[in-house]
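Asks: So the first sequence is numbered by my numbering: it starts at 155 and just counts up by one.
The beta carbon of each residue, even a glycine, is placed where N, CA and C say it ideally should be.
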Amino acid sequence: MPELPEVETIRRGLSKRIVGKKIVGTDIRVPKNFIGDKNLVIGHEVKEIVRRAKVVAIKLDNSLNLLFHLKMTGQLIYRQESSNIDNQLSGKSKIKSDSFAGGHPDHNWHAELPNSTTAIIFTFNDGTKLYFNDLRKFGWCKVLNDQELQKIFDEEYGLEPFDDKFNAEYLMLRASKIPNRNIKQFLTDQTIVAGIGNIYVDESLFDAKIVPTRRVKDIQKSEWIKIIESVKKILELGIQFGGTTDSDYVNADGEKGGMQNHLKVYRKAGLPCPDECGGKIERISIGGRGTHFCRNCQK
DNA sequence: CTATCTGTTCTGAC
DNA sequence: TGTCAGAACAGATA
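#1: What are the complete alpha helix (DSSP H) segments, minimum 4 residues, inside the segment 299 to 366?
#2: Counting C-beta neighbours from all protein chains within 10 Å, is the total for N187 16 or more, i.e. buried, or is it exposed?
#3: Between which two residues does the alpha helix (DSSP H) holding S169 run?
#4: Under 8 Å: do the segment 371 to 384 and the segment 438 to 448 share three or more Cβ pairs, one atom per stretch?
#5: DSSP beta-bridge partners for G228?
#6: Within its chain, find whatever has a CB closer than 8 Å to the CB of I217; leave out the 5 residues flanking it on each side and keep chain order.
#7: Who are the near neighbours of F307 in its chain, counting only those whose CB is closer than 8 Å to its CB and skipping five residues on each side?
#8: Report yes if the CB atom of S358 is closer than 9 Å to the CB atom of I346, and no otherwise.
#9: If you follow the alpha helix (DSSP H) that G392 is part of, which residue opens it and which one closes it?
#10: Helix, strand or coil, according to DSSP, for V195 in the structure here?
#11: Thinking C-alpha only, which one of P185, L220, N415 is nearest K201?
#12: Quick one: grab the DSSP three-state call for K213.
#13: Between G312, N321, A255, K380, which has its C-alpha nearest N343's C-alpha?
#14: Using only the alpha-carbon positions, how far apart do E436 and P428 sit?
#15: Looking only at its own chain, which residues have a Cβ that is under 6 Å from the Cβ of L425, when we skip the five neighbours before and after it?
#16: Is it buried or exposed, D452, if we count other Cβ atoms within 10 angstroms and call 16 or more buried?
#17: Output the distance between the C-alpha atoms of N450 and V209, rounded to the nearest integer angstrom.
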């Protein structure tokens with residue numbers, strides 16, 4: 155589930171909390187979710203958290219990195235206290251212990267940890283813990299050195315949406331090589347633009363008033379410019395709201411995450427067009443993915 | 001109960 | 001090379 159805004163939210167949340175801390179323990183509960191030697195990271199300090207596309211990396215002081223991909227159902231949850239659900243739920247105004255959760259939204263954010271989906275637990279020198287949960291076990295955490303990390307960042311992903319080089323000329327060049335591809339699959343191709351997934355692509359195309367089925371060869375330059383504007387606008391909105399999360403989600407500052415309250419078309423099939431064009435939100439399948447749009451005002 | 005759906009990405013068949 | 005179904009897995013939903 156996590157797309158760029160969710161992963162960026164995780165990056166920011168973790169940056170505030172674990173930079174400068176030393177990893178003193180790694181508990182691998184689901185081996186298939188962890189690739190590498192867990193002992194190599196023990197005793198090392200977190201220097202920085204970086205994001206690229208939908209992956210986030212914890213950089214350590216020994217030139218090693220923990221790279222995470224949350225896929226559909228991964229979560230990263232930081233807890234200052236081992237597990238004390240009463241403490242978290244009792245305080246009406248303020249949550250005493252610091253905690254932070256990001257990723258797949260379900261109702262486990264402030265439940266007791268570890269739980270049945272917990273794959274990996276990192277323990278820091280101050281006793282705080284970072285839990286990697288993953289219900290469907292598609293996600294992974296890899297131990298990589300700086301060169302390996304850079305190689306992945308360079309070779310597996312296209313431009314970041316907020317890169318200045320992400321412009322109409324770039325997209326038209328890439329589109330010219332696959333002219334018959336529809337715009338939805340084009341924008342969710344991670345080797346073209348990094349970080350856009352099924353939710354944000356539907357929302358961005360609605361904002362740009364382009365039908366998801368449009369072939370990229372039929373898109374005019376002015377429309378590419380509009381698409382870029384919309385993608386950036388929608389992603390920024392997502393980051394601003396802390397990603398699309400469960401309504402129960404409360405971060406350490408007591409704020410509710412909530413991009414889901416601002417979605418206009420995603421999972422809104424049958425409802426009237428939010429732009430009041432008189433049309434109705436339709437749901438079709440593109441590349442096996444649920445696709446939501448208004449046939450009346452998206453052209 | 002069964003059948004179908006799900007926010008990601010990779011692989012193999014044609 | 002492009003396209004598509006199916007795979008990995010564990011639910012929720014109808």
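Replies: Let's see:
#1: 300 to 309, 322 to 331, 337 to 341, 352 to 362
#2: Position 33 of the first sequence, counting from 1, holds the residue named residue 187. Buried is the call here.
#3: The count along the first sequence starts at 1 and reaches residue 169 at position 15. Per DSSP, S169 belongs to the alpha helix (DSSP H) from 158 to 172.
#4: no
#5: Residue mapping note: residue 228 aligns to position 74 of the first sequence, counting from 1. DSSP output for G228 lists D288 as bridge partner(s).
#6: Here residue 217 refers to the residue found at position 63 when the first sequence is read from its first residue. The amino acid occupying residue 217 in the given sequence is Ser; Ile does not appear at that position. If we look at S217 and ignore the five residues flanking it on each side, its Cβ neighbours are N299, D300.
#7: Mapped onto the first sequence, residue 307 falls at position 153. Cβ within range, chain order: R206.
#8: Within the first sequence, residue 358 is the residue found at index 204, counting from 1. Within the first sequence, residue 346 is the residue found at index 192, counting from 1. Not a contact, by the Cβ cut-off of 9 Å.
#9: Numbered from 1 along the first sequence, position 238 holds the residue referred to as residue 392. That run of the alpha helix (DSSP H) goes 375 to 394.
#10: Position 41 of the first sequence, counting from 1, holds the residue named residue 195. In the structure shown, V195 sits in a helix (DSSP, three-state: H, G or I).
#11: Residue mapping note: residue 201 aligns to position 47 of the first sequence, counting from 1. Nearest of P185, L220, N415 to K201, Cα basis: L220.
#12: For the purposes of this step, residue 213 is taken as residue 59 along the first sequence, with counting starting at 1. Of the three classes helix, strand and coil, the one that applies to K213 here is strand, per DSSP.
#13: What you label residue 343 is simply residue 189 of the first sequence in a count that begins at 1. First, the residue type needs correcting, since residue 343 is Asp and not Asn in the sequence shown. Answer by Cα proximity: G312.
#14: Looking up residue 436 in the first sequence gives position 282. Looking up residue 428 in the first sequence gives position 274. When rounded, the distance between both Cα atoms is 12 Å.
#15: Stepping through the first sequence from its first residue, residue 425 is reached at position 271. For L425, where only same-chain residues beyond five positions count, the Cβ hits under 6 Å are I435.
#16: In the first sequence, residue 452 corresponds to position 298, counting from 1. In the sequence as presented, Asp is not what sits at residue 452; that position holds Gln. Buried, since its Cβ has 16 or more Cβ neighbours within 10 Å.
#17: In the first sequence, the residue the question calls residue 450 occupies position 296. In the first sequence, the residue the question calls residue 209 occupies position 55. Rounded to the nearest angstrom, the two C-alpha atoms are 36 Å apart.
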